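Protein chains in written order, with the working numbering: chain A, 76 to 347; chain B, 76 to 347. Glycine included, every Cβ here is placed at the ideal spot set by N, Cα and C. Computed from a prediction, not measured in an experiment: that's the story for all the values here.
Number of protein chains: 2
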Amino acid sequence: MKNKAIGVFDSGIGGLTVYKALKEQLPAEKVIYLGDTARLPYGSKSAETIIKFSDGNALFLLTKNVKIIVVACNSSSSYAVPYLQDKFDIPVLGVIEPGAEAAVKHSKSKIGVIGTSATIKSGAYEKTIVEKKPGVKVISRDCPLFVPLVEEGWIDHKVTKLVVEEYLLPLKEQGIDTLVLGCTHYPVLKGVIAEVMGPGIELVDSAVTTAVKVRSILKSLGWLSGAQDGGEDEFYVTDFPDRFKRVGEIFLNKKIGKVTTATFYTVSLPQA
Amino acid sequence: MKNKAIGVFDSGIGGLTVYKALKEQLPAEKVIYLGDTARLPYGSKSAETIIKFSDGNALFLLTKNVKIIVVACNSSSSYAVPYLQDKFDIPVLGVIEPGAEAAVKHSKSKIGVIGTSATIKSGAYEKTIVEKKPGVKVISRDCPLFVPLVEEGWIDHKVTKLVVEEYLLPLKEQGIDTLVLGCTHYPVLKGVIAEVMGPGIELVDSAVTTAVKVRSILKSLGWLSGAQDGGEDEFYVTDFPDRFKRVGEIFLNKKIGKVTTATFYTVSLPQA
């Protein structure tokens, strides 16, 4: 097991935040990353569809012989992790539990959670936070326009500021002291979110705590790599490999080598 | 052939504009509609992926024994129609050709075309318009935030007005006299688009001209239904049947009966 890779999947490119944190925490591990860019976004889809897509992603990573699967996508983590844990024999870790952990560490009383419609509708963060710190109050809000704004590249745009205000001022007014950025796209908007929320509200995301958790799972199983170096990581996407490579390299500030197109939807004869 | 249905597919619910126009033009025909709500949007995906998804949609409609396939989605029409025409024996009609026809009928000199990134990148409207009216000038612009704004329901919102201004004022300044709404979602924003563009710029969409074209194709083949009434239409989606039914009924202002979930992506073992 020691020599096997860590598998990571996301609906797209945002999961590279988790990839980056993994490489910092576990430089000796090889990582295999899959972004389902053909079928994104997941955050506006139903639980059934998200589970189905996640299942396909996990199957793909298993063909690459990984020792653990990290679900970097919050929407997928919200719905599919228990299903995947039940179905597969290797450990499967989502980002909700580590994100909730980071939140309760910072919060004294009231936690805001923002995410896609799927993530917020699932109630997964709320449930996990309350389990970890009974009595804490959680206020959730979906922010469906954040992902399109990030993808349009309108990071410092007046429209983005207006949208952030519309979504988040009600949370500020309710007195939250911590805000969970419950979608891998949202850290890109950290600047404008911090500006709107003002000082005294801690913004947390789950990338680092997830990587720490992966290390602790592998260590407890005795599955940490004994190598000096993980070797070359592998990147797969279901659409737009060139764009992934270009944006990903800017994102990580390093070369990411070859990005391969993975095909796992088949044009098979449909059933109603 | 006369007794077979008309098949329509779209990436989601927007194609109901085409469905509605078909029912007005051809009340004696039965229509089978498929919305690929699990894999939408198409407009931010690659040509290869859009063709693959469209192929699956067409195969699904063929299992329902349709006599013609109408591609209501502009992104899909931009890339997949020649492929589908080549692959299948029945007529396949997209919305680009009818949309271009409507545009050249109105324009004296300069036509603006707006659509998804995929539609604009394809250059399909531009090519078709220039074929129909050589010498006419076409100015194109993708508007990636329009679909998310419509889906968020921000129709009369100040943010939407700002986004429309940012995308469309440059087209107005360049003196277009006609604007093609090259995405089935955009007619929902007709009010604010008309307000920003001001008088003297004609807004055209392709729903009605597409339906007229379908009638003329069926007529020329002798395939028009001889019935008094098409019977009950059938609606299929790949995700969220209840939402499709609810929003679709508001959209059409009539009951649309049962909406069935169609499954045509299979969780098959993936290949890299």
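Checklist line | Test item: CB-CB of A/Gly174 and A/Tyr200 under 8 Å | finding: Within the first sequence, numbered from 1, the residue matching residue 174 of chain A stands at position 99. Within the first sequence, numbered from 1, the residue matching residue 200 of chain A stands at position 125. It is a contact, given that the beta carbons lie within the stated cut-off.
Checklist line | For B/Lys196 and B/Glu176, the rounded distance between their alpha carbons | finding: Within the second sequence, residue 176 of chain B is the residue found at index 101, counting from 1. Within the second sequence, residue 196 of chain B is the residue found at index 121, counting from 1. When rounded, the distance between both Cα atoms is 20 Å.
Check: Taking just the CA atoms, how far does B/Gly198 sit from B/Lys186?
Finding: Within the second sequence, numbered from 1, the residue matching residue 186 of chain B stands at position 111. Within the second sequence, numbered from 1, the residue matching residue 198 of chain B stands at position 123. Rather than Lys, the amino acid found at residue 186 of chain B in this sequence is Ile. Whole-angstrom Cα-Cα distance: 13 Å.
Checklist line | Cα-Cα separation between B/Lys139 and B/Ala103, rounded to whole angstroms | finding: Translated into positions along the second sequence, residue 139 of chain B becomes position 64. Translated into positions along the second sequence, residue 103 of chain B becomes position 28. In this model, B/Lys139 and B/Ala103 are separated by some 18 Å (Cα to Cα).
Item checked: Cβ distance (whole Å) where A/Tyr108 is taken to contact A/Ser151 below 8 Å -> Taking the first sequence and counting its residues from 1, the one referred to as residue 108 of chain A is at position 33. Taking the first sequence and counting its residues from 1, the one referred to as residue 151 of chain A is at position 76. That belief does not hold up - the Cβ atoms of A/Tyr108 and A/Ser151 are roughly 14 Å apart, past 8 Å.
Margin query: Cβ closer than 7 Å: which chain B residues qualify as neighbours of A/Ala84?
Written below: Start at 1 with the first residue of the first sequence, and residue 84 of chain A comes out as number 9. Here the sequence assigns Phe to residue 84 of chain A, which means Ala is not the residue at that position. Neighbours of A/Phe84 in chain B, taken as residues at a C-beta separation under 7 Å, are lacking, since the least C-beta distance is about 11 Å.
Check: Roughly how many angstroms separate the alpha carbons of B/Leu344 and A/Asp304, rounded to a whole number?
Finding: If you number the second sequence from 1, residue 344 of chain B lands on position 269. If you number the first sequence from 1, residue 304 of chain A lands on position 229. Unreliable positioning characterises B/Leu344 in this predicted model, as indicated by a pLDDT of 38, which lies under 50. The coordinate reading is nonetheless provided below. So the two alpha carbons sit approximately 30 Å from each other.
Next item on the list: Report the three-state DSSP secondary structure of B/Asp304 (helix, strand or coil).
Entry: Numbered from its first residue, the second sequence carries residue 304 of chain B at position 229. If DSSP states are grouped into helix, strand and coil, B/Asp304 belongs with coil.
Notebook entry, point to check: Which class does A/Lys242 belong to by DSSP, given the choice of helix, strand or coil?
Noted result: Looking up residue 242 of chain A in the first sequence gives position 167. Going by the sequence as given, residue 242 of chain A is Tyr instead of Lys. A/Tyr242 sits in a helix when the DSSP states are folded into three classes.
Check: So, using beta-carbon positions, are A/Leu237 and B/Glu227 closer together than 8 Å?
Finding: Sequence index remark: in the first sequence, residue 237 of chain A carries index 162 (1-based). Sequence index remark: in the second sequence, residue 227 of chain B carries index 152 (1-based). No. Outside cutoff.
Check: Are there 16 or more other CB atoms within 10 angstroms of the CB of A/Met272, so buried, or fewer, so exposed?
Finding: Translated into the one-based positions of the first sequence, residue 272 of chain A becomes position 197. Buried.
Next item on the list: Counting only runs of 3+ residues fully inside the stretch 140 to 222 of chain B, write out the beta strand (DSSP E) ranges in chain order.
Entry: Qualifying beta strand (DSSP E) stretches, in chain order: 141 to 146, 185 to 190, 212 to 217.
Next item on the list: Give the secondary structure of B/Ala80 by DSSP, where H, G and I count as helix, E and B as strand, and everything else as coil.
Entry: What you label residue 80 of chain B is simply residue 5 of the second sequence in a count that begins at 1. If DSSP states are grouped into helix, strand and coil, B/Ala80 belongs with the strands.
Notebook entry, point to check: Can you list, in chain order, the residues of the stretch 111 to 127 of chain A whose Cβ is nearer than 9 Å to any Cβ on chain B?
Noted result: Residues are counted here when their Cβ sits less than 9 Å from a Cβ of chain B; for the stretch 111 to 127 of chain A these are Thr112, Ala113, Arg114, Leu115, Pro116, Ser119, Lys120, Ser121, Glu123, Thr124, Lys127, given in chain order.
Notebook entry, point to check: So, is A/Gly87 buried or exposed, given that buried needs 16 or more other C-beta atoms within 10 angstroms?
Noted result: Sequence index remark: in the first sequence, residue 87 of chain A carries index 12 (1-based). Buried is the call here.
Item checked: A/Val93 in three-state terms, based on DSSP -> In the first sequence, residue 93 of chain A corresponds to position 18, counting from 1. In this structure, A/Val93 counts as helix in the three-state DSSP scheme.
Next item on the list: Starting from the N-terminal side, write out each stretch of the alpha helix (DSSP H) that is 4 residues or longer and does not extend beyond the stretch 241 to 289 of chain B.
Entry: Scanning the stretch 241 to 289 of chain B for uninterrupted alpha helix (DSSP H) segments of 4 residues or longer gives 265 to 272, listed from N- to C-terminal end.
Item checked: Cα-Cα separation, B/Tyr340 to A/Thr112 -> Here residue 340 of chain B refers to the residue found at position 265 of the second sequence. Here residue 112 of chain A refers to the residue found at position 37 of the first sequence. Its pLDDT being 49, under 50, B/Tyr340 is placed unreliably in this model, and the value from its coordinates should be taken loosely. So the two alpha carbons sit approximately 15 Å from each other.
Item checked: Member of B/Thr124, B/Thr92, B/Ala337 whose CA lies at the smallest distance from the CA of A/Val312 -> Residue numbering aside, residue 312 of chain A sits at position 237 when the first sequence is read from its first letter. Considering only B/Thr124, B/Thr92, B/Ala337, the residue with the shortest C-alpha distance to A/Val312 is B/Thr124.
Checklist line | Near-chain B residues of the stretch 246 to 266 of chain A (beta-carbon distance less than 7 Å), N- to C-terminal order | finding: Cβ contacts with chain B come from no residue of the stretch 246 to 266 of chain A.
Next item on the list: To the nearest angstrom, report how far apart B/Glu270 and B/Val141 are at their CA atoms.
Entry: Within the second sequence, numbered from 1, the residue matching residue 270 of chain B stands at position 195. Within the second sequence, numbered from 1, the residue matching residue 141 of chain B stands at position 66. Inter-residue distance for B/Glu270 and B/Val141 is about 41 Å (C-alpha atoms, whole angstroms).
Next item on the list: For B/Thr92, I'd like the list of residues in its chain whose CB is within less than 8 Å of its CB, leaving aside the five on either flank, ordered along the chain.
Entry: Position 17 of the second sequence, counted from the start, is the residue given in the question as residue 92 of chain B. Correct list, in chain order: Ala147, Thr259, Pro262, Asp280, Ala282.
Check: So, is B/Ile348 buried or exposed, given that buried needs 16 or more other C-beta atoms within 10 angstroms?
Finding: Look at the range of chain B in this structure, 76 to 347, and you will see that residue 348 of chain B is not part of it.
Check: If you count every other CB in all the chains shown that lies within 10 Å of the CB of A/Lys330, and 16 or more means buried, which is it?
Finding: As a first step, residue 330 of chain A must be located in the first sequence, where it is residue number 255. Counting Cβ neighbours within 10 Å, A/Lys330 comes out exposed, since fewer than 16 surround it.
Notebook entry, point to check: Alpha carbon to alpha carbon, what distance is there between B/Gly210 and A/Ser119?
Noted result: Locating residue 119 of chain A in the first sequence gives position 44, where the first residue counts as 1. Locating residue 210 of chain B in the second sequence gives position 135, where the first residue counts as 1. Straight-line spacing of the CA atoms in A/Ser119 and B/Gly210 works out to 43 Å.
Margin query: Using 8 Å for Cβ pairs, my map puts B/Ala96 next to B/Ala286. What's the rounded Cβ distance?
Written below: On the second sequence, residue 96 of chain B is found 21 positions in, with the first residue counted as 1. On the second sequence, residue 286 of chain B is found 211 positions in, with the first residue counted as 1. That belief holds up - the Cβ atoms of B/Ala96 and B/Ala286 are roughly 4 Å apart, short of 8 Å.
Item checked: The alpha helix (DSSP H) enclosing A/Thr112, as first and last residue numbers -> Translated into positions along the first sequence, residue 112 of chain A becomes position 37. Per DSSP, A/Thr112 belongs to no alpha helix (DSSP H) and is neither H nor E.
Notebook entry, point to check: Going by the beta-carbon positions, is the gap between B/Phe310 and B/Val289 smaller than 8 Å?
Noted result: As a working mapping, residue 310 of chain B is identified with position 235 in the second sequence. As a working mapping, residue 289 of chain B is identified with position 214 in the second sequence. Going by C-beta atoms, B/Phe310 is not nearer than 8 Å to B/Val289.
Check: For A/Val238, which residues in chain B fall below 8 Å Cβ to Cβ?
Finding: Counting from 1 along the first sequence, the entry for residue 238 of chain A is found at position 163. Near A/Val238 (Cβ distances below 8 Å), the residues of chain B are Val234.
Note to self: Which residue wins for smallest C-alpha separation from B/Ser215, given the options B/Val255, B/Phe326, B/Val239, B/Val179?
What the structure shows: Position 140 of the second sequence holds residue 215 of chain B. For the residues B/Val255, B/Phe326, B/Val239, B/Val179, the minimum Cα distance to B/Ser215 belongs to B/Val255.
Item checked: Beta carbon of A/Thr203 nearer than 8 Å to that of A/Ile251 -> The residue given as residue 203 of chain A occupies position 128 in the first sequence. The residue given as residue 251 of chain A occupies position 176 in the first sequence. For A/Thr203 and A/Ile251, no; Cβs fall outside 8 Å.
Next item on the list: Between the Cα of B/Phe319 and those of B/Leu137, B/Ala337, B/Gly306, spot the shortest distance and give me the residue it belongs to.
Entry: As a working mapping, residue 319 of chain B is identified with position 244 in the second sequence. The shortest C-alpha separation from B/Phe319 is found at B/Ala337.
Note to self: I'd like to know whether the C-beta atoms of A/Val225 and A/Val213 end up nearer to each other than 8 Å.
What the structure shows: Against the first sequence, residue 225 of chain A aligns to sequence position 150. Against the first sequence, residue 213 of chain A aligns to sequence position 138. With contacts defined as CB atoms closer than 8 Å, A/Val225 and A/Val213 fail to qualify as a contacting pair.
Next item on the list: Could you tell me which residues DSSP puts in a beta bridge with B/Glu309?
Entry: For the purposes of this step, residue 309 of chain B is taken as residue 234 along the second sequence, with counting starting at 1. DSSP lists B/Ile107 as partners of B/Glu309.
Note to self: Quick check on A/Asp317: does DSSP put it in helix, strand or coil?
What the structure shows: Position 242 of the first sequence, counting from 1, holds the residue named residue 317 of chain A. Helix at A/Asp317.
Next item on the list: Could you confirm whether any beta carbon from chain B is found closer than 8 Å to the beta carbon of A/Glu227?
Entry: Here residue 227 of chain A refers to the residue found at position 152 of the first sequence. Answer yes: the Cβ-Cβ gap between A/Glu227 and chain B drops below 8 Å somewhere.
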